[in-house]
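Residue numbers (the numbering used here), protein chains in the order written: chain F, 98 to 396; chain L, 11 to 307. Here a beta-carbon is modelled for each residue, glycine too, at the ideal position from N, C-alpha and C. As the structure is a computational prediction, the values presented were derived from the model and not from experiment. Taking it in order: structure first as C-alpha cells, then the write-up.
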Amino acid sequence: MATVAAQGTMTAPRASARVARTFGRWRLPAFTIVAIGYLLIPIVVMIIFSFNDYAGKFNYIWNGFTLKAWEAPLAWPGLPEAIRVSLTIAALSTLFSTILGTMIGLALSRYRFRGRGAINALIFLPMASPEIVLGASLLTLFINIGLGSGVLPPGLALLPKNALSLGFTTVLIAHIMFNISYVVVTVKARVAGFDRRLEEAAMDLGANEWTTFWRVTFPLIFPGIMAAAMLAFSLSIDDFVITNFVSGTTNTFPIWVYGVIRNALPAQINVIGSIVFLTAVIGVAVTTIRQGRAPQLAR
Amino acid sequence: MTALQASPPRPSSLRRWLSLLGPYLLLAPGLIWLVYFFVWPAAQMFLMAVSSGSLDNGFKLTWTLTPLHDALFNFPTQWSHSLLYGAISTSLDFLIGFPVAYTIAFRGGRYKNLLLFLVIAPFFTSFLIRTISWQILLGDEGPILSFLKHTLGVVPEEFSILYSPFAVIAGLTYNFLPFMILPLYVALEKIDPALLEASGDLYGGRWQTFRKVTFPLALPGVFAGTILTFIPTMGDYVNAELLGSPQTRMIGNVIQGRFLQTNDYPIASALSFVLMAGILLAVFIYARALGTEDLTG
C-alpha cells in the first residue's frame, strides 16, 4: 500500500490520496469478511458434499449431483442407534448439569461465604484443562473401579465392580461433569445483571422467600438458564475427545463417525451434519427474533 | 444475603438454619459431582503415573518415577510437535482474530450481532465433520488443488498438502479461531471510544493510539484468547490424526494411543500429568508476564 500511495503522490496527489483513504477504510472490513469466509468454508463444503454422487466408498471427490443421501439419511449400519444415544445423553446431561450448575451459579452470585475463591477456581479448572486430560483422568477412575484398585472416592468403592464399566453411564457422568462449569459461568453472568430491588419489593408485598424465588427471581433469570442449557446441549452432542476415552463400545454420533471413516466416508455424515447445522441456525434465529420483540424485564 | 435479611422478621430457628446453610445446600450436589468426577480422577491419574503393573496383573502404587521420567524424555518429537504446532496456530489465530474482533467491536454497527453469529457458526457443526471437510478441501484431487493443478496448471501434479504438517496446522488454526476472536471481542467492546478520541485529541497518531491505548486495554482479552486457543491445540490429537501422518504425531496422539490401544496406563497418565502441569505452569508465567493474574479467578 505504501508504494501505491507514494507513486500516486507524484502523478495525481488528490485522486490517489482518496484511493488510499478508501482502501484504508475498507481494509479491515474486507479482511473480516475474508476471515469469516474462511470460518464458513468447511460448512459450505459439508452441505455441498451431502449432495455428492460420489464413486466408491469415500465421499472425497465431487462426481455429480444426487439426492440419494438425503432420501435415506439414516441408511448406514449403527447410525440410527448412535443418533439415539447422542440425543439421549445430550438431553439427560443438559437436564442434570443445568440443575446442578444453576444452583452453584445462584450460590456464588448471591451469597458471600468462606471458600468462595476456591470454588470459583474449581469451576474454572475443568474449562482450562485440555479435554484429553479430563477424558484420561476419568478413564483412570473407571479402570480403578473395574479393577478394584486405587483409592476410590467414598461410596464408589461400595459399587459392584461392573457398575461403572465403560458405556452409556460413564459417558453421561463425563458429560454432566464438563457441562457444569459452562452452566455456572452462563447463569452467573445473568444473575450479575439482576436488580435485587425487585425481590425486596416482592417481600415488602408479603411474599416469602420461596414464593419470591419462583414468582420473581426464577422468571427473570430463566433466559440465562435457557442459554446455559442450550450451550450444554450443544457441547454434549458435539463432544468427541472426552467421550472417546470413556465410551467403551457405546457409540455416540461423533464416536460412530470416527469409527466409520476408517473404512468409508458416507454422505449421510454430511446430511446429518447439515440437518444439525440448519436446526441450530433456525433455533438461534427464532430465539433472537422473539427476544427482540419481548419487553426487556431484566434491567 | 441481603434478600434474606430484608425478609419480614419471623423468628423461626429452622428458617435461620436454612438461610445460614443456604449457599452450602445449593453448592453441595454440583460440587460433589466435580470432586468425584474431576478432582478425584485427576488425583488418581497422578497416582497412576507413579504406579507400576499391567492391565492383566493390576496396578500397584510403587511411587516409581520411571513413567514420569519416560514421559518427559522419551517423546521429544511428539512434545516438540505439540509445542510448535500449538505456538504457530495460536499465533496465526491471533493475527487473524485481532483485526476481526477489532472490526466487529468498533466498526460492526448494526451488523455486530450477525457478524458474531457468523464467527460462532462453526460451533453448530461437529468438530469432527469440520475436520473431515478440510480433508475434502485439502485433498490431492480436492477443490483447491485440482483447480491449481488442472485448471491453472501452476502446481506440479504430485504436489500434496494433506498429511503434511501444514495441513495439521491449518486444521488447528481453523478449529480454534473462534476461541480467539470471542474473548478479544469482549475485551475490545468494553473500551470506551471516548478514550480513543482523547488519545487523538492529545496528538496521538493512529498507530500510537493503538499501541498505547487500545492494545493495553485489550490485554485481558489477549490473555484469555491465547490460553483458550493454546490449551486445546496442545492437547489435540484429532487434527494430527485426520489431516496428518505418523510423522506429524503430537503428544495427544501418544496419550490417546497408550490409553486406548496399548493400555499402558502408567506412562499414559504420566504424559497427561506432565501436559496438564506444563500448561498450568505456562499459564501462570504468562499471566505474570502480562500482568493479568487477577483475571483468572
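Per-residue contacts from residue i into chain L (C-beta, under 8 Å)
i: MET327(F); result: Simply none; closest approach about 11 Å.
i: GLY321(F); result: Neighbours of GLY321(F) on chain L: none; closest Cβ ~16 Å, over 8 Å.
i: GLY161(F); result: Within 8 Å Cβ-Cβ: nothing; GLY161(F) doesn't reach chain L, min ~15 Å.
i: ALA114(F); result: Chain L residues near ALA114(F): none, gap ~16 Å exceeds 8 Å.
i: ALA324(F); result: Correct list: empty, because the minimum Cβ distance to chain L is about 13 Å.
Residue i (DSSP reduced to helix, strand or coil)
i: ALA326(F); result: helix
i: SER262(F); result: coil
i: SER174(L); result: coil
i: LEU394(F); result: Because the pLDDT of LEU394(F) is 44, which lies under 50, any placement of that residue in the model is unreliable, and the number read from its coordinates should be weighed accordingly. Coil.
i: GLY245(F); result: coil
i: LEU229(L); result: helix
i: LYS154(F); result: coil
i: LYS200(L); result: coil
i: GLY68(L); result: strand
i: SER113(F); result: helix
i: PHE210(F); result: coil
i: PHE291(F); result: coil
i: GLY63(L); result: strand
i: TYR34(L); result: helix
Between the CA atoms of residue j and residue i - distance to the nearest angstrom
i: GLY235(L); j: SER279(L); result: 28 Å
i: SER113(F); j: ARG122(F); result: 14 Å
i: LEU78(L); j: PRO276(L); result: 9 Å
i: GLY96(L); j: VAL232(L); result: 16 Å
i: ARG118(F); j: ASP103(L); result: 27 Å
i: GLU178(F); j: LEU171(F); result: 10 Å
i: ASP211(L); j: PHE220(L); result: 14 Å
i: THR384(F); j: GLU167(L); result: 49 Å
i: THR376(F); j: PRO320(F); result: 20 Å
i: ASN273(L); j: LEU295(F); result: 57 Å
i: LYS122(L); j: ILE106(L); result: 18 Å
i: ASN249(L); j: SER101(L); result: 17 Å
i: VAL164(L); j: PRO139(F); result: 24 Å
i: PRO153(L); j: GLN145(L); result: 11 Å
i: PHE85(L); j: ILE261(L); result: 8 Å
i: ALA81(L); j: ILE158(F); result: 41 Å
i: ALA292(L); j: ALA197(L); result: 22 Å
i: THR74(L); j: SER61(L); result: 6 Å
i: LEU138(L); j: VAL354(F); result: 8 Å
Within chain F, the residues that residue i reaches when beta carbons sit closer than 9 Å
i: ARG298(L); result: Going along chain F, no residue has its Cβ under 9 Å from ARG298(L), so there is no contact; the nearest lies around 16 Å.
i: LEU205(L); result: Result: empty, since nearest Cβ-Cβ is about 19 Å, beyond 9 Å.
i: PRO193(L); result: Simply none; closest approach about 12 Å.
Of the residues the options, the one placed nearest residue i, counting alpha carbons only
i: GLY245(L); options: LEU281(L), LEU158(L), GLY63(L) and PRO226(L); result: LEU281(L)
i: ILE265(L); options: LYS258(F), ASN241(F), SER234(F) and GLU297(F); result: SER234(F)
i: MET274(F); options: ALA361(F), PHE162(F) and PHE221(F); result: PHE221(F)
i: VAL142(F); options: ARG120(L), SER143(L) and LEU148(L); result: SER143(L)
i: ARG349(F); options: VAL383(F), ASN276(F) and THR267(F); result: In the sequence under discussion, the amino acid at residue 349(F) is Thr, which differs from the Arg named in the question. If we check each option's Cα against that of THR349(F), THR267(F) comes out closest.
i: LEU244(F); options: MET58(L), LEU37(L) and ALA250(L); result: MET58(L)
i: PRO109(L); options: PHE128(F), ARG294(F), ASP301(F) and ILE196(F); result: PHE128(F)
i: THR195(F); options: ASN276(F), LEU362(F) and LEU236(F); result: ASN276(F)
i: LEU125(L); options: PRO250(F), ILE242(F), TRP311(F) and LEU136(F); result: LEU136(F)
i: ALA218(F); options: LEU205(F), GLU228(F) and ALA299(F); result: LEU205(F)
i: SER170(L); options: LEU182(L), ASP150(L), TRP217(L) and ALA177(L); result: ASP150(L)
i: ILE241(L); options: PHE127(L), LEU128(L) and ILE98(L); result: ILE98(L)
i: ASN367(F); options: ARG140(L), GLY63(L), GLY40(L) and LEU194(L); result: ARG140(L)
i: MET300(F); options: THR309(F), LEU184(F) and LEU189(F); result: THR309(F)
i: ILE318(F); options: TRP173(F), VAL131(F) and GLY202(F); result: GLY202(F)
Within chain L, partners of residue i - CB distance below 9 Å
i: LEU125(F); result: PRO109, VAL110, TYR112, THR113, PHE116 and ARG117
i: LEU244(F); result: LEU65, GLY68 and PHE69
i: PHE330(F); result: Under the 9 Å cutoff, chain L gives no residues; its nearest Cβ is about 12 Å from PHE330(F).
7 Å Cβ cut-off: residues of chain F touching residue i
i: LEU57(L); result: GLY247
i: VAL232(L); result: Chain F residues near VAL232(L): none, gap ~16 Å exceeds 7 Å.
i: TRP50(L); result: LEU238 and PRO250
i: GLY8(L); result: There is simply no residue 8(L) to check, as chain L begins at 11 and stops at 307 in what is shown.
Where residue i meets chain F, residues with beta-carbon distance less than 8 Å
i: LEU128(L); result: ILE133, LEU136 and LEU137
i: TRP43(L); result: LEU197, ILE273, MET274 and ILE277
i: ARG140(L); result: PRO139, ILE140 and MET143
i: LEU125(L); result: THR129 and ILE133
Residue i Cβ short of 8 Å to the ligand PLP heavy atom set
i: LEU37(L); result: With respect to small molecules bound, the structure shown includes none, and the ligand PLP cannot be examined in it.
Within chain L, the residues that residue i reaches when beta carbons sit closer than 7 Å
i: ASN241(F); result: GLN54
i: ILE339(F); result: Simply none; closest approach about 11 Å.
- prompt: In the region 209-228 of chain F, which residues sit with their C-beta less than 8 Å from some C-beta in chain L, listed in chain order?
  reply: Residues ARG209, PHE210, GLY214, ILE216, ASN217, ALA218, LEU219, ILE220, PHE221, LEU222, PRO223, ALA225, SER226, PRO227 and GLU228.
message: Please identify, using Cβ separations under 9 Å, the residues of the region 209-229 of chain L that lie next to chain F, in order along the chain.
response: Across the region 209-229 of chain L, no CB contact with chain F closer than 9 Å is found for any residue.
query: Of all the residues that make up the region 143-156 of chain L, which are near chain F by a beta-carbon distance shorter than 9 Å?
result: Per Cβ criterion, the list reads SER143, TRP144, GLN145, ILE146, LEU147, GLY149, GLU151, GLY152, PRO153 and SER156.
- prompt: For the region 126-154 of chain F, which residues have a beta carbon sitting closer than 8 Å to at least one beta carbon of chain L?
  reply: For the region 126-154 of chain F, the set of positions with a beta-carbon nearer than 8 Å to some beta-carbon of chain L reads PRO126, PHE128, THR129, ALA132, ILE133, TYR135, LEU136, LEU137, ILE138, PRO139, ILE140, VAL142, MET143 and PHE146 in chain order.
query: At a Cβ cut of 9 Å, what residues of the region 30-41 of chain L count as close to chain F, listed as they run along the chain?
result: If the cut-off is 9 Å between Cβ atoms, the region 30-41 of chain L has GLY32, PRO33, TYR34, LEU35, LEU36, LEU37, ALA38, PRO39, GLY40 and LEU41 near chain F.
message: Counting only Cβ-Cβ distances shorter than 7 Å, please list the residues of the region 170-201 of chain F near chain L, keeping chain order.
response: Answer set for the region 170-201 of chain F: LEU197, GLY198, MET200 and ILE201.
task: Could you name the residues of the region 262-282 of chain L whose beta carbon sits closer than 8 Å to any beta carbon of chain F, in the order they occur along the chain?
output: Near chain F, meaning a CB-to-CB distance below 8 Å, the residues of the region 262-282 of chain L are GLY262, ILE265, GLN266, PHE269, LEU270, TYR275, ALA278, SER279 and SER282.
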